[in-house]
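Anchor point for the sequence shown: position 59 equals 105 in our numbering, and the numbering is continuous, going up by one each time.
Ideal Cβ placement from N, Cα and C applies to all residues, glycine included.
Step one of this worksheet: look at the structure below.
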Amino acid sequence: MVAIVADTHMPKGARELPARCIELLEQAELIVHAGDFSGEEVLDRFEAFVPELVAVRGNVEAPGVRHRLPERTSFVLGAHEIGVVHDAGPREGRLARMRRLFPAASAVIFGHSHIPLHEQDDSGFQIFNPGSPTERRRAPSHTMGLLDLGAEGELRFELVEL
47 MVAIVADTHM PKGARELPAR CIELLEQAEL IVHAGDFSGE EVLDRFEAFV
97 PELVAVRGNV EAPGVRHRLP ERTSFVLGAH EIGVVHDAGP REGRLARMRR
147 LFPAASAVIF GHSHIPLHEQ DDSGFQIFNP GSPTERRRAP SHTMGLLDLG
197 AEGELRFELV EL
């Protein structure tokens with residue numbers, strides 16, 4: 047199982063990851079963080095959860111985080127390449143824009159808005175925003191995502207309310 051988070055924005059006040067989020071991160075084989083860790087100690091903490099962390103920098107990172115992470119990256123799950131970027135831009139044209147940014151990808155994971163989203167085009171290309179486990183903003187609840195392969199090797203994204 048792949049655990050997906052974005053926009054943790056920590057440390058900030060007494061903000062902490064919800065217990066269910068930590069439980070899922072500890073169970074994951076891979077964690078994807080779509081940016082806005084904020085502090086370098088938070089990046090260190092995520093790296094300690096699992097052997098492999100795929101992460102990009104967001105727009106509010108401390109200098110040490112910006113230095114350690116790329117603006118965008120990708121990883122392979124089964125037969126699928128999956129792109130990761132923090133800001134996918136405005137809603138209008140987002141699917142097509144992400145397809146152009148990651149032409150070989152089956153899906154793109156992104157963050158920035160704190161609003162969960164899962165969309166798919168006619169070709170099966172998907173985009174997924176897990177929301178935020180710590181700062182929901184206009185979303186109804188704190189969330190994160192999970193990703194697994196289905197019986198036929200297809201990508202299955204799931205939104206988890208925390």
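**OP:** Within the same chain, show all residues whose beta-carbon is closer than 6 Å to that of Arg61, passing over the 5 residues directly before and after it, in chain order.
**Re:** Position 15 of the sequence shown, counted from the first residue, corresponds to residue 61. Contacts found: Thr180.
**OP:** Determine, using beta carbons only, whether Thr119 and Phe83 come nearer to each other than 8 Å.
**Re:** On the sequence shown, residue 119 is found 73 positions in, with the first residue counted as 1. On the sequence shown, residue 83 is found 37 positions in, with the first residue counted as 1. Cβ distance not < 8 Å, so Thr119 and Phe83 don't count as in contact.
Subject >> Residues bridged to Met144 [DSSP beta-bridge criterion] >> reply: Here residue 144 refers to the residue found at position 98 when the sequence shown is read from its first residue. Beta-bridge pairing links Met144 to no other residue.
Original post:
In the DSSP assignment, what are the bridge partners of Val96?
Top reply: Against the sequence shown, residue 96 aligns to sequence position 50. Per DSSP, none; premise fails for Val96.
Original post:
When the Cβ atoms of the stretch 138 to 153 are set against those of the stretch 61 to 76, are three or more pairs found closer than 8 Å?
Top reply: no
Original post:
With a cut-off of 8 Å, do at least 3 Cβ pairs link the stretch 115 to 131 to the stretch 86 to 102?
Top reply: yes
**OP:** Per DSSP, which residues does Met56 bridge with? Please list them.
**Re:** To locate residue 56, count along the sequence shown from 1; it is residue 10. Answer by DSSP bridge pairing, in chain order: Ser84.
Subject >> DSSP-derived helix/strand/coil call for His188 >> reply: Sequence index remark: in the sequence shown, residue 188 carries index 142 (1-based). Residue state, collapsed to three classes: coil.
Original post:
Measuring CB to CB, does Ala49 end up less than 8 Å from Gly81?
Top reply: Within the sequence shown, numbered from 1, the residue matching residue 49 stands at position 3. Within the sequence shown, numbered from 1, the residue matching residue 81 stands at position 35. With contacts defined by Cβ atoms closer than 8 Å, Ala49 and Gly81 do not form a contacting pair.
Subject >> Pair within 8 Å by beta-carbon distance, Val130 and Ile155 >> reply: Along the sequence shown, one-based indexing puts residue 130 at 84. Along the sequence shown, one-based indexing puts residue 155 at 109. Yes, Cβ-Cβ distance for Val130 and Ile155 is below 8 Å.
Subject >> For Asp167 and Gly139, the rounded distance between their alpha carbons >> reply: As a first step, residue 139 must be located in the sequence shown, where it is residue number 93. As a first step, residue 167 must be located in the sequence shown, where it is residue number 121. Computed Cα separation, rounded: 11 Å.
Original post:
Near Pro1, what residues of its chain come up, given a Cβ to Cβ distance below 7 Å and the 5 sequence neighbours on each side ignored?
Top reply: A query on residue 1 cannot be resolved here, the shown segment of the chain reaching from 47 to 208 and no further.
Original post:
What is the rounded straight-line gap between the Cα of Ile173 and the Cα of Met144?
Top reply: Looking up residue 173 in the sequence shown gives position 127. Looking up residue 144 in the sequence shown gives position 98. For Ile173 and Met144, the distance between alpha carbons rounds to 8 Å.
Original post:
Going straight from the alpha carbon of Ala185 to that of Leu205, what length do you get?
Top reply: As a position in the sequence shown, residue 185 is number 139, starting the count at 1. As a position in the sequence shown, residue 205 is number 159, starting the count at 1. Rounded to the nearest angstrom, the two C-alpha atoms are 13 Å apart.
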